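>
Take a look at the structure:
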């Protein structure tokens, strides 16, 4: 009897992910824009299961001739569609919509640092439907299990005379005991405006109109855990 063929046919995707031997992406540096205009769909997309992404800077350039609002138009820095993906030491900055979109199950992030985009001409140019701006870290509505800890998200929205810009939340996430986020902070580095809430509609605002000058920043606010214990 002839053994069945396991060859991947043209147009098919064969999932070779292995929980005992995960794919590892280490010291990953991604940049779009800067000295010249940048063109991309997304910085990084992970479709495989069982992936470790460690010490990564996924950056849309925020300066240089090719770093303007209209010259480097890319929505997202990192999209995770695979299950059992872990990110450690994750830096994702300045993409024009959500910096991270996490759709996979059983994901985990340990230490996340992010600066929201800057250079938008006004609030109307940075709206998610009727919501002000885009969260930096967005856990998908269909995610049942996710963990993240040590997350710091900052704004550097434009200076006057440009109008004050706001993001409704630094993080968006389903509300579930199995989706657990701890040690969260939001802040304003410079500029005006800020972030209304740390996660969903929870957590105090970090806003340049109410400075507290913590650690050399204009404003910082913190949240121990979501959901609250």
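In the working numbering, the protein residues as written are 2 to 230.
For each residue, glycine too, the CB sits at the ideal point set by N, CA and C.
If you're wondering where the values come from, they're calculated on a predicted model, not measured in any experiment.
Is residue 189 closer than 8 angstroms to residue 208 when the C-beta atoms are compared?
The residue given as residue 208 occupies position 207 in the chain shown. The residue given as residue 189 occupies position 188 in the chain shown. It is a contact, given that the beta carbons lie within the stated cut-off.
> Count the other C-beta atoms from every protein chain shown that fall within 10 angstroms of the C-beta of residue 147, then say buried if there are 16 or more, exposed otherwise.
Looking up residue 147 in the chain shown gives position 146. Flag for residue 147 reads buried.
> Using the Cα positions of residue 71 and residue 120, report the straight-line distance between them to the nearest angstrom.
Translated into positions along the chain shown, residue 71 becomes position 70. Translated into positions along the chain shown, residue 120 becomes position 119. Each residue's Cα considered, the two are about 9 angstroms apart.
> With a threshold of 16 other CB atoms inside 10 Å of the CB of residue 104, please say whether the residue is buried or exposed.
Locating residue 104 in the chain shown gives position 103, where the first residue counts as 1. Burial call: buried.
> Could you give the residue range of the beta strand (DSSP E) that holds residue 111?
One-based indexing of the chain shown puts residue 111 at position 110. Taken as a continuous stretch (DSSP letters only), the beta strand (DSSP E) holding residue 111 covers 108 to 116.
> In its own chain, which residues sit with a C-beta less than 6 angstroms from the C-beta of residue 97, not counting the 5 before and 5 after it?
The residue given as residue 97 occupies position 96 in the chain shown. Contacts found: 76 and 118.
> Among the residues of its own chain, which have a CB less than 6 angstroms from the CB of residue 204, if the five just before and after it don't count?
Taking the first residue of the chain shown as position 1, residue 204 is located at position 203. Around residue 204: 198 and 224.
> Opposite residue 102 in the DSSP bridges: which residues?
Position 101 of the chain shown, counted from the start, is the residue given in the question as residue 102. DSSP output for residue 102 lists 80 and 139 as bridge partner(s).
> Please state whether DSSP places residue 206 in a helix, a strand or coil.
Residue numbering aside, residue 206 sits at position 205 when the chain shown is read from its first letter. If DSSP states are grouped into helix, strand and coil, residue 206 belongs with coil.
> Taking C-alpha atoms, which residue in 115, 141 and 25 lies nearest to residue 154?
The residue you call residue 154 lines up with position 153 of the chain shown. Considering only alpha carbons, the answer is 115.
> Return yes when the Cβ of residue 227 is within less than 8 angstroms of the Cβ of residue 191, no when it is not.
Reading the chain shown from its first residue, position 190 is the one you call residue 191. Reading the chain shown from its first residue, position 226 is the one you call residue 227. Going by C-beta atoms, residue 191 is not nearer than 8 angstroms to residue 227.
> Quick check: the Cα distance between residue 193 and residue 94, rounded to an integer number of angstroms?
Against the chain shown, residue 193 aligns to sequence position 192. Against the chain shown, residue 94 aligns to sequence position 93. So the alpha carbons of these two residues sit roughly 18 angstroms apart.
> Is it right to say residue 179 is buried, meaning 16 or more other beta carbons lie within 10 angstroms of its own, or is it exposed?
Residue numbering aside, residue 179 sits at position 178 when the chain shown is read from its first letter. Result: exposed.
> How is residue 38 classed by DSSP in three states: helix, strand or coil?
For the purposes of this step, residue 38 is identified with residue 37 of the chain shown, where counting begins at 1. Coil.
> Using only the alpha-carbon positions, how far apart do residue 230 and residue 66 sit?
Translated into the one-based positions of the chain shown, residue 230 becomes position 229. Translated into the one-based positions of the chain shown, residue 66 becomes position 65. Those two C-alpha atoms are separated by around 47 angstroms.
> On a CA-only basis, which of 125, 24, 61 and 59 is nearest residue 87? Give me that one, please.
As a working note, residue 87 is residue 86 in the chain shown. The option with the nearest alpha carbon to residue 87 is 24.
> Spatial neighbours of residue 215 within its chain, please: CB distance less than 6 angstroms, with the 5 preceding and 5 following residues excluded, ordered by chain position.
For the purposes of this step, residue 215 is identified with residue 214 of the chain shown, where counting begins at 1. Answer for residue 215: 221, listed in chain order.
> Unbroken alpha helix (DSSP H) runs of length 4 or more, entirely within the segment 171 to 201: which are they?
Entirely contained in the segment 171 to 201, not one alpha helix (DSSP H) run reaches 4 residues.
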